[in-house]
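Residue 919 in the working numbering sits at position 127 of the sequence shown, with consecutive numbering throughout.
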Amino acid sequence: MRKTKEKEHYLKEIYRLETASEIVSVSCLSKVLGVSKSSVSNMIKKLVSMDLLNSAPYKAIEFTSEGRKLARTIVAKHRLIELFLVEIMEFQPESVHDIAEEIEHIESPAFFRKVQKMLNNRDTDPHGSPIPDVKF
């Protein structure tokens with residue numbers, strides 16, 4: 793099964809919830825993402841079949857090691873791009889999220905390594921969130 797923007801969005805949101813020490817459930821994701829519980833359940837099943845998540849009835853949704861690695865990479869790309877847009881391109885911090893949402897899906901490790909280098913390997917995005925330490 794191939795990765796899609798929607799799947800990556802779920803992984804990123806699960807990562808955000810997990811790092812905020814929230815229990816990740818279908819109900820929680822439904823509320824946060826503004827979609828039905830059945831839509832969340834269907835996506836979770838797909839992500840479980842891709843070996844990115846573990847899920848069982850009445851248990852929290854958790855990452856597999858591969859899922860966590862992918863989620864950290866997506867979050868790192870997003871936050872790195874936000875920093876690039878603010879620091880290099882001089883966008884205002886409040887206007888960079890939607891642009892970063894699109895760029896984070898680019899599959900070019902060389903691109904992200906160059907952005908990282910241009911930013912002197914900074915580890916915090918313009919909103920003060922840590923940029924996960926990943927190897928592109």
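Think of the CB as a built atom: it goes at the ideal place given N, C-alpha and C, for glycine as much as any other residue.
Whole-Å CB distance - residue i paired with residue j, under 8 Å assumed
i, j, result
"Leu862", "Leu803", "6 Å"
"Val907", "Phe876", "5 Å"
"Glu858", "Asp843", "6 Å"
"His897", "Glu800", "6 Å"
Residue i, DSSP secondary structure in three states
i, result
"Leu950", "Outside the modelled stretch of the chain, which goes from 793 to 928, sits residue 950, for which no answer is possible."
"Met793", "Residue placement at Met793 cannot be trusted, given a pLDDT of 46 that sits under 50; what the coordinates show is reported in the next sentence. Met793: coil per DSSP, three-state reduction."
"Thr916", "strand"
"Glu810", "helix"
"Glu854", "strand"
"His801", "helix"
"Pro922", "strand"
"Leu911", "coil"
"Met881", "coil"
"Pro901", "helix"
"Lys927", "coil"
"Asn834", "helix"
Selected residue, minimal CA-CA separation from residue i, among the options
i, options, result
"Ser887", "Val878, Ile895, Ile866", "Val878"
"Glu798", "Glu814, Val816, Lys851, Leu825", "Leu825"
"Lys927", "Ala892, Asn912, Ala868, Tyr850", "Ala868"
"Ser819", "Asn913, Lys851, Glu896", "Lys851"
"Glu805", "Ser847, Arg860, Asn912", "Arg860"
"Pro924", "Lys829, Thr811, Ala902, Leu839", "Thr811"
Beta-carbon gap between residue i and residue j smaller than 8 Å
i, j, result
"Met910", "Ile866", "no"
"Tyr807", "Arg871", "no"
"Glu874", "Asp915", "no"
"Ile836", "Ser828", "no"
Distance cut-off 7 Å: residue i Cβ against heavy atoms of the ligand ZN
i, result
"Leu825", "This structure lacks the ligand ZN, and indeed carries no ligand of any kind."
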